[in-house]
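Read the structure below first, then the notes.
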Amino acid sequence: MLWGDFVGFEKLYIELTDKCNLNCKMCYRRSWSEIPRDMDIEILRRIYDEVKDKNLKEIILGGIGEPTFSHLIYDAINIFSNFNLTITTNGTILNEKLKELIVDYVDKLVISIDGFEDKYEDIRGFN
């Protein structure tokens with residue numbers, strides 16, 4: 153078991169990666185010295201096995217990394233499609249295949265917007 157009794161949990165945040173395709177001025181990951189890493193598919197499956205029978209109100213794919221930058225984004229959407237699923241994203245790398253999965257299986261898509269194009273590019277600093 154990944155954790156003890158599951159009493160009181162309503163939402164589960166899952167960080168598929170701590171990697172990002174941007175270099176935002178306000179992001180604290182800019183000061184990290186750790187090597188960015190991705191979650192392993194076996195851990196993702198283990199999380200599902202632990203929560204599949206729980207009454208979670210929402211599973212959120214997000215965190216300090218960009219979930220759509222993870223090689224596991226397609227697996228995660230498919231694995232957790234029977235939950236109320238949210239993705240928090242910068243929205244810059246949504247390809248057609250991913251858009252189709254989002255339309256079919258994701259309940260909420262949260263996209264960061266910082267301003268018009270010139271201000272956005274200044275703040276976000278694409279990698």
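First residue of the sequence shown? That's 153 in our numbering, and the numbers climb one at a time after it.
For every residue, glycine included, the Cβ atom is placed at its ideal position computed from N, Cα and C.
Being a predicted model, the structure only gives us computed values, none of them experimental.
In the three-state reduction of the DSSP assignment, residue 260 falls in the strand class, which pools E and B.
Beta-bridge pairing by DSSP links residue 213 to 166 and 239.
Under the three-state reduction of DSSP, residue 224 is assigned to coil, being neither helix nor strand.
In the three-state scheme derived from DSSP, where H, G and I count as helix and E and B as strand, residue 201 is classed as helix.
Taking the Cα of residue 209 as reference, the smallest distance to any Cα among 268, 263, 161 and 196 is reached at 161.
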